[in-house]
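Participant:
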Amino acid sequence: MTSQGKTAAPEREGYASKEFAPREVFLGEFSNFIETLNLSEEVLSNADQGQKRQFTELVRGQLTDFHTQFSPDEIGLFEKTFNLFSIKYSLPPFDNFPEFCEIMMGEGKQEFVLEAAGVVGVGKSTLTEFVSPEIKAKMESERFHSSENPFLSLAYSDNDYWLRTELGFGLDSIFTGLRGKLYDGRWARDTSVWSDNFIFMRARVEGGQVTDEEYKVYKKTVELLKPLISKPDLLVLMLPTSVERLYQGLQERIEGNPKVRDMERKITLEDLEVMVRVEREAIEPLREEGIKVLPIVVDPPEFYRNPDLKYATLFSIRDQLEILGEYLKQDPKEVADYIVSRIFSPNMGPQVVIAHSKSMFAGKTSVLTYISEMVGDENILAFQPAAALRYGPEYETKLKNRDGVEIPANTIWSNKLSEILEDVKRRIGSDNIDPRKTYLFIDETMLFYESDADEAVSSVEELRQMGFHVVCDFIDYTFQEEPFNFAHKLIREATVRPDWHEVELGTTCKYCDNEAQGTRRYNQYGEIADYDDKTFVAGEEQYEPVCCKNGHISCVNQPEDFVRQPLPSLM
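Going by the UniProt record's numbering, the sequence shown runs without a break in its numbering and finishes at 571.
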């Protein structure tokens with residue numbers, strides 16, 4: 001600190017001020033600067049090039065005057081803001097590059113962008129590094145080191161510098177997003193302006209590190225530049241398993257790179273508690289901005305030591321980015337279109353579709369959600385067995401696929417298919433349901449384990465005869481590679497009945513390029529489950545698709561004389 005209470009800034013030639021300005025001085029001038037730009041928008045939207053040049057000269061002159069008041073790095077925040085504003089209104093020198101400005105204000109050339117978001121220490125960079133090759137994307141990283149943001153190390157010791165710190169990161173993130181618009185391909189980033197705005201700055205306010213007035217100025221800056229801020233195609237929001245585990249992971253990260261991360265030692269458990277709470281509260285506001293948000297839960301210390309994701313999480317990421325077709329035997333969207341346009345065409349009577357796969361993660365439930373989008377939710381009557389409630393009791397009245405899309409659904413608590421018949425008959429009598437206009441879904445059909453094969457076939461056929469188009473989806477084999485309940489019987493019927501149709505889906509093995517032939521299950525200790533383990537495990541977190549050969553087995557201790565029963569359609 002200097003005798004006037006200022007902090008020395010890095011020296012640069014041509015600047016009178018070699019010190020950072022006091023907090024209230026920077027806040028006042030930057031606030032006035034943003035207000036000036038806001039007030040000029042109406043005029044600039046109708047201005048000719050001469051007027052735009054005149055305005056630019058006035059602002060540049062003001063920035064030159066600031067050289068006696070602010071350090072070079074502080075001036076840089078003003079200049080970066082104005083450069084972005086200049087792109088927005090094609091001000092000089094960007095008026096000479098109209099095509100460039102058009103790209104910057106548009107969607108850009110990239111195929112898609114994934115951004116990782118979350119609190120400090122949760123593993124955003126680790127996630128991005130892991131996911132990039134899995135989705136065939138280029139990786140862009142946040143410039144964290146204090147040499148790239150001279151206010152950062154000061155902010156951890158003095159709250160006076162948090163606004164300048166977050167403005168620096170935010171403006172750099174906007175430029176990063178704009179740079180990505182110029183290039184084809186896929187991008188994965190470990191930084192997000194949206195995360196900064198909705199999580200970090202909000203947490204700084206609630207933690208007492210940033211004032212309400214500073215937050216207001218930050219939000220005005222973001223709002224001013226919002227047309228230039230890229231919306232990611234997917235924002236992966238990383239939630240820690242607990243604040244305590246987050247703190248432990250943060251300490252391990254500091255010890256692993258003390259030269260860069262030592263300043264983070266000043267982050268307290270209480271700071272992290274505020275951040276995590278704010279992060280959870282940010283999910284819906286982010287979605288209201290039109291951003292597709294995928295919350296995932298990670299254990300920070302474990303993720304830091306062993307970067308990996310459950311296959312279910314990776315599946316969801318690919319699904320939401322709409323690239324599942326690259327990994328599945330058939331694209332769920334194309335399958336849904338085939339079912340609606342060909343099998344359920346208007347000139348056909350009631351039909352049954354048996355949509356099945358040898359393993360989990362083949363896109364079966366996604367097919368249902370695409371059909372629902374095509375025909376409208378109001379024309380869907382969906383059922384699921386209680387045994388399939390993989391997402392918790394709150395999904396008793398809705399069917400949810402792994403990318404978060406939901407369809408109103410009904411849970412059959414008896415796990416008997418015959419109860420669907422009884423339910424449907426009641427609805428036809430009281431709810432004015434017209435079977436000829438209604439598509440009936442039976443999700444995870446194999447888990448109606450209280451029904452035998454004969455009841456399964458007769459129930460589905462009776463629903464068809466009542467006038468419904470029926471779609472049943474299920475997997476063919478248990479993790480032991482045994483036929484799953486009556487699944488093979490339904491497939492056989494689909495190969496011989498004229499009004500039944502078989503649609504087989506599939507995916508690749510997690511560990512090689514072969515087609516998955518089954519589903520591996522892990523026990524509570526993270527070990528491959530034993531063949532004799534009869535415990536039913538709902539959900540998908542403990543499962544992954546495997547080819548069942550070359551060591552990529554679905555279970556251990558399978559009997560030596562075990563012979564896998566082939567599918568009826570292949571016999």
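The beta-carbon is built from N, C-alpha and C at its ideal position, and this holds for glycine as well.
Report back the beta-carbon spacing between Q320 and L286 to the nearest angstrom; my notes put them in contact at under 8 angstroms.
Facilitator: The Cβ separation is near 14 angstroms, so there is no contact.
Participant: As a quick exercise: from D271, V298 and Y525, pick the residue whose alpha carbon is nearest that of residue 572.
Facilitator: No statement about residue 572 is possible, as the shown extent of the chain runs from 1 to 571 and does not include it.
Participant: According to the Cβ coordinates, are A362 and L309 closer than 8 angstroms?
Facilitator: The answer is no: Cβ separation not under 8 angstroms.
Participant: Opposite C472 in the DSSP bridges: which residues?
Facilitator: DSSP, once it has assigned bridges, lists I354 and I442 as partnering C472.
Participant: Buried or exposed: where does T478 fall if 16 or more other Cβ atoms within 10 Å of its Cβ makes it buried?
Facilitator: It counts as buried.
Participant: Check for me: the beta strand (DSSP E) holding I412 runs from which residue to which?
Facilitator: Element bounds for I412: E406 to I412.
Participant: Reducing DSSP to helix, strand and coil, say where R436 ends up.
Facilitator: Of the three classes helix, strand and coil, the one that applies to R436 here is helix, per DSSP.
Participant: Specify the secondary structure class of V367 as computed by DSSP and reduced to three states.
Facilitator: Helix at V367.
Participant: On a Cα-Cα basis, can you pick out the residue from R186, D513 and T128 that is closest to K136?
Facilitator: Closest option to K136, Cα to Cα, is R186.
Participant: Is the beta carbon of residue 601 less than 8 angstroms from the beta carbon of Y531?
Facilitator: In this structure the chain extends from 1 to 571, so residue 601 is not present and cannot be described.
Participant: Do A516 and P545 come within 8 angstroms of each other at the CB atom, strictly closer than that value?
Facilitator: Contact flag set, yes.
Participant: Could you give the C-beta distance for T358 and D476, rounded to a whole number, given that I count them as a contact under 8 angstroms?
Facilitator: First, the residue type needs correcting, since residue 358 is Lys and not Thr in the sequence shown. Contact flag correct, Cβ pair sits at about 5 angstroms.
Participant: Report the partner residues of A382 according to the DSSP bridge assignment.
Facilitator: Partner(s): A409 and F441.
Participant: Cα separation between L389 and S366?
Facilitator: Rounded to whole angstroms, L389 to S366 spans 16 angstroms at the Cα level.
Participant: Would you call the CB atoms of E279 and I199 closer than 8 angstroms?
Facilitator: Going by C-beta atoms, E279 is nearer than 8 angstroms to I199.
Participant: Tell me the rounded alpha-carbon separation between Q465 and D377.
Facilitator: Each residue's alpha carbon lies about 22 angstroms from the other.
Participant: Just the C-alpha distance for V276 and P240, rounded to the nearest angstrom, thanks.
Facilitator: Rounded to whole angstroms, V276 to P240 spans 8 angstroms at the Cα level.
Participant: With which residues is residue 573 paired in a DSSP beta bridge?
Facilitator: Lying outside 1 to 571, the shown extent of the chain, residue 573 is not represented and no answer is given.
Participant: Alpha carbons only, please: which of R521, T495 and L381 is nearest the one belonging to Y543?
Facilitator: For the residues R521, T495 and L381, the minimum Cα distance to Y543 belongs to R521.
Participant: I34 lies in the alpha helix (DSSP H); which residues open and close that run?
Facilitator: Unbroken alpha helix (DSSP H) run through I34: R23 to L44.
Participant: Grab me the residues of A529's own chain with a C-beta within less than 7 angstroms of its C-beta, minus the 5 sequence neighbours each way, in chain order.
Facilitator: For A529, where only same-chain residues beyond five positions count, the Cβ hits under 7 angstroms are F479, R521, Y522, N523 and C555.
Participant: Note down, in chain order, each residue of its chain lying with its Cβ closer than 6 angstroms to the Cβ of M446, except the 5 sequence neighbours on either side.
Facilitator: For M446, where only same-chain residues beyond five positions count, the Cβ hits under 6 angstroms are F474, F484, N485 and A487.
Participant: I need the DSSP call for A16, collapsed to helix, strand or coil.
Facilitator: Low local confidence applies: a pLDDT of 44 at A16 is under 50, so the model's placement there is unreliable, with the coordinate-based value given in what follows. Looking at A16 - three-state DSSP - the assignment turns out to be coil, as it is neither helix nor strand.
Participant: If you follow the alpha helix (DSSP H) that K124 is in, where does it begin and where does it stop?
Facilitator: Where K124 is concerned, the enclosing alpha helix (DSSP H) stretches over K124 to E134.
Participant: Helix, strand or coil for Y391, going by three-state DSSP, please let me know.
Facilitator: Unreliable placement is indicated for Y391, whose pLDDT of 49 sits below 50; no coordinate value is reported for it.
Participant: To the nearest angstrom, how far is it from the Cα of R245 to the Cα of D443?
Facilitator: Approximately 36 angstroms, taken between the alpha carbons.
Participant: Going straight from the alpha carbon of E115 to that of Y370, what length do you get?
Facilitator: Cα to Cα, the separation comes out at about 25 angstroms.
Participant: Skipping 5 residues on each side, what residues in its chain have a beta carbon closer than 8 angstroms to that of D499?
Facilitator: So the list reads G349, P350, Q351, V352 and R464, once near-sequence residues are dropped.
Participant: Going by CA-CA distance only, name the one from F383, S414 and P92 that's closest to E406.
Facilitator: When only C-alpha atoms are compared, the closest one is F383.
Participant: So, do the segment 323-342 and the segment 255-274 have three or more beta carbon pairs nearer to each other than 8 angstroms?
Facilitator: In short, these stretches do not touch, since the Cβ pair count stays below three.
Participant: Assign M139 to one of three DSSP states: helix, strand, or coil.
Facilitator: Here M139 sits in strand by DSSP.
Participant: Taking contact to mean at least 3 C-beta pairs separated by less than 8 angstroms, is the segment 168-177 in contact with the segment 225-234?
Facilitator: Segments in contact, yes.
Participant: With DSSP as the reference, label residue 622 as helix, strand or coil.
Facilitator: There is simply no residue 622 to check, as the chain begins at 1 and stops at 571 in what is shown.
Participant: Does the segment 198-216 come within contact of the segment 70-86, defined as at least 3 CB pairs closer than 8 angstroms?
Facilitator: Output reads no: the segment 70-86 does not touch the segment 198-216.
Participant: Helix, strand or coil: how does DSSP classify E502 here?
Facilitator: Strand.
Participant: If you draw a straight line from the alpha carbon of W194 to that of G429, how long is it in whole angstroms?
Facilitator: Whole-angstrom Cα-Cα distance: 50 angstroms.
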